[in-house]
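*Asks:* The structure under discussion is supplied below as structure tokens; questions concerning it will follow.
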Amino acid sequence: MTSGQNHTTVTRFILLGLTDQVDQKQLLFAIFLMIYTVTLVGNLGMIELIRASSTLHTPMYFLLSVLSFLDICNSSVFTPRLLISFLTTDQSISFAGCVVQMAFMILHGTGECLLLAIMAYDQFVAICHPLLYHTIMSKRLCIQLVMVTYAVGVFISALQTGNAFILPYCGPNIIDHFFCDIPPVLQLACTDTTVANIILLCLSALVTVPTVSAILVSYAFILVTICRMRSLEAQRKAFSTCASHLTALSLFYGSVFFVYVQPNPESASAYNKTLSVFYTIVIPMLNPLVYSLRNKDEVKDALQRKLQVSIFPC
């Protein structure tokens, strides 16, 4: 920290991480290294499989490949530094590094919220209007939706990050978290943060409430359509698929809501740290499996063909 005229300006933050117990750090390092490896392999594998298989060149799998890319980026913002923290005693991060980490976290988190809503709409069109699916979900529309997703992500990221770091930070500089999240950072500001917390709540609600509403409406129509199916086997398969999707969505949005969409997000920092593990590290690992279950036969066939070409190129 450097001295100013009447106060001290923070130049580095200290991240307390998930634990300070040495024996726990070794175990957590192994667990999170495995999770990160599975995340990279699963999502990169999904992207490559979709790229290489012409049968998977559909709007649904295009959106799934974008989700996999977002999950790789999102997980890579947090996990490598968390792994390093388990092995070293230096827990510090520069002020600029904290700003960049928060900006990328908000960008990818916002993008994932919007993309999940788009994927729910895609599933609604596929199940409720199958004959019009390729007309409605055209390639041009999908690309435009992804571009809008990133544009909104950049916009929200700039607002949220600016809202947090426009405040003065003059000590202490210890963040009770494993990354530079907004609520614990705001706790360190040496000024009243009431307005900043209100802005955080409003911007978070602006992203989560409409996307959750779109997902719930889409799945409501989907469930009505499923109930009208005459085939019990088709109903069972559809319900099973929807249940897996809604479970993943509940984990993601539930943890995000509890962390950001609450009147005083600073009051539950211990819970926030645990919940953050789900939407930053665990969910990116689960998404390829959960969303490929929707058409697991197509994914299985494409994977078999890919392996056959790799093993028997001639």
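Start counting the sequence shown at 0; every next residue gets the next number (numbering that gives the first Met the number 0).
Yeah, the Cβ is synthetic: ideal placement off N, Cα and C, and Gly gets one too.
Since this is a predicted model, take the numbers as computed values, not measurements.
1) Can you give me the start and stop residues for the beta strand (DSSP E) that serine 91 sits inside?
2) Closer than 7 Å by C-beta to proline 183: which residues in its own chain qualify, once you throw out the five before and the five after it? Chain order, please.
3) Taking the DSSP output, what are the residues bridged to isoleucine 105?
4) Which residue's Cα is closest to the Cα of valine 216: Asn172, Ala119, Ser156 and Ser84?
5) When DSSP labels each residue in this structure, what does isoleucine 181 get in the three-state scheme?
6) Note down, in chain order, each residue of its chain lying with its Cβ closer than 7 Å to the Cβ of phenylalanine 256, except the 5 sequence neighbours on either side.
7) Suppose you measure from the CA of methionine 101 to the CA of phenylalanine 94; what does that come to, to the nearest Å?
8) When the Cα atoms are used, what is the spatial distance from histidine 128 to proline 58?
9) My parser needs the beta strand (DSSP E) runs of 3 or more residues fully inside the region 106 to 164; what are they?
10) Closest to glycine 161 by C-alpha separation, out of Ala237, Ile198, Leu144 and Thr190, would be which residue?
11) Tell me isoleucine 174's beta-bridge partners as DSSP assigns them.
12) Out of Thr192, Cys112 and Val147, which has the shortest C-alpha to C-alpha gap to alanine 204?
13) Excluding the 5 residues preceding and the 5 following leucine 69 in the sequence, name in chain order all residues of the same chain whose CB lies nearer than 7 Å to its CB.
14) Quick one: is lysine 24 near chain B, going by C-beta distance under 8 Å?
15) Between leucine 166 and alanine 195, is the Cβ-Cβ spacing less than 8 Å?
16) Pick helix, strand or coil for threonine 324, following the three-state DSSP scheme.
17) Would you please state the rounded distance, in angstroms, between the beta carbons of methionine 45 and proline 287? I believe it to be under 8 Å.
18) Taking the alpha-carbon of leucine 63 as reference, which of Phe77, Asn42 and Thr38 has the nearest alpha-carbon?
19) Take asparagine 172 and list the residues in its own chain whose beta-carbon comes closer than 8 Å to its own, dropping the five residues that flank it on each side.
20) Measure the Cβ-Cβ separation of threonine 279 and phenylalanine 28 and say whether it is below 8 Å.
21) Under 8 Å Cβ to Cβ from glutamine 90, same chain only, skipping five residues before and after it: list those, please.
22) Kindly indicate which residue of Phe164, Ile221, Phe154 and Ile155 has the alpha-carbon position closest to the one of phenylalanine 238.
23) Kindly indicate which residue of Leu81, Ser53, Lys272 and Leu285 has the alpha-carbon position closest to the one of isoleucine 181.
24) Under 8 Å Cβ to Cβ from arginine 50, same chain only, skipping five residues before and after it: list those, please.
25) With 16 other CB atoms within 10 Å as the buried threshold, where does leucine 131 fall?
26) Put threonine 8 into one of helix, strand or coil per three-state DSSP.
27) Of the residues Thr224, Phe61 and Pro79, which one's Cα is nearest the Cα of threonine 36?
28) With distances taken between CB atoms, is the gap from cysteine 72 to cysteine 179 smaller than 8 Å?
29) Nearest-angstrom Cα distance between aspartate 22 and leucine 274?
30) Quick check on glutamine 100: does DSSP put it in helix, strand or coil?
*Replies:* Checking against the coordinates, here is how it stands:
1) For serine 91, the uninterrupted beta strand (DSSP E) run begins and ends at 91 to 93, by DSSP.
2) Here the set comprises Ile174, Asp175, His176 and Ser268.
3) Residue pairing by DSSP leaves isoleucine 105 without any beta bridge partner.
4) Comparing Cα-Cα distances from valine 216 to each of Asn172, Ala119, Ser156 and Ser84, the minimum goes to Ala119.
5) For isoleucine 181, the secondary structure class from DSSP, reduced to helix, strand or coil, is helix.
6) The answer, listed in chain order, is Thr207.
7) Cα-Cα distance, rounded: 11 Å.
8) In a straight line, the C-alpha of histidine 128 is about 14 Å away from that of proline 58.
9) The qualifying runs do not exist here; there are none.
10) Per the Cα distances, Ile198.
11) Partner(s): Leu14.
12) For the residues Thr192, Cys112 and Val147, the minimum Cα distance to alanine 204 belongs to Cys112.
13) The residues are His107, Gly110, Glu111 and Leu114.
14) Annotation note: the requested chain B is absent from the structure, which comprises a single protein chain.
15) Going by C-beta atoms, leucine 166 is nearer than 8 Å to alanine 195.
16) The structure shown has nothing for residue 324, since the chain only spans 0 to 313.
17) Under the criterion of beta carbons closer than 8 Å, methionine 45 and proline 287 qualify as touching, at roughly 5 Å.
18) The shortest C-alpha separation from leucine 63 is found at Asn42.
19) Annotation for asparagine 172: Met0, Val9, Arg11, Phe12, Ile13 and Leu187 place their beta carbon closer than 8 Å to its own, counting only its chain and skipping 5 residues before and after.
20) No. Outside cutoff.
21) Listed in chain order, the non-local C-beta contacts of glutamine 90 below 8 Å within the same chain comprise Ile13, Leu14, Leu15, Gly16 and Ser84, local neighbours out to five positions each way being set aside.
22) Nearest C-alpha to phenylalanine 238 among Phe164, Ile221, Phe154 and Ile155: Ile221.
23) For the residues Leu81, Ser53, Lys272 and Leu285, the minimum Cα distance to isoleucine 181 belongs to Lys272.
24) By the criterion of a C-beta distance shorter than 8 Å, arginine 50 is surrounded in its chain by Ser64, once the five residues flanking it on both sides are discounted.
25) Answer is exposed; the Cβ neighbour count stays below 16.
26) If DSSP states are grouped into helix, strand and coil, threonine 8 belongs with the strands.
27) When C-alpha distances from threonine 36 are compared across Thr224, Phe61 and Pro79, the shortest belongs to Pro79.
28) Judged by beta-carbon spacing, cysteine 179 lies beyond the 8 Å limit of cysteine 72, meaning their Cβ atoms are not closer than that value.
29) Rounded to whole angstroms, the gap between the alpha carbons of aspartate 22 and leucine 274 is 22 Å.
30) The answer is helix: DSSP assigns glutamine 100 an H, G or I state.
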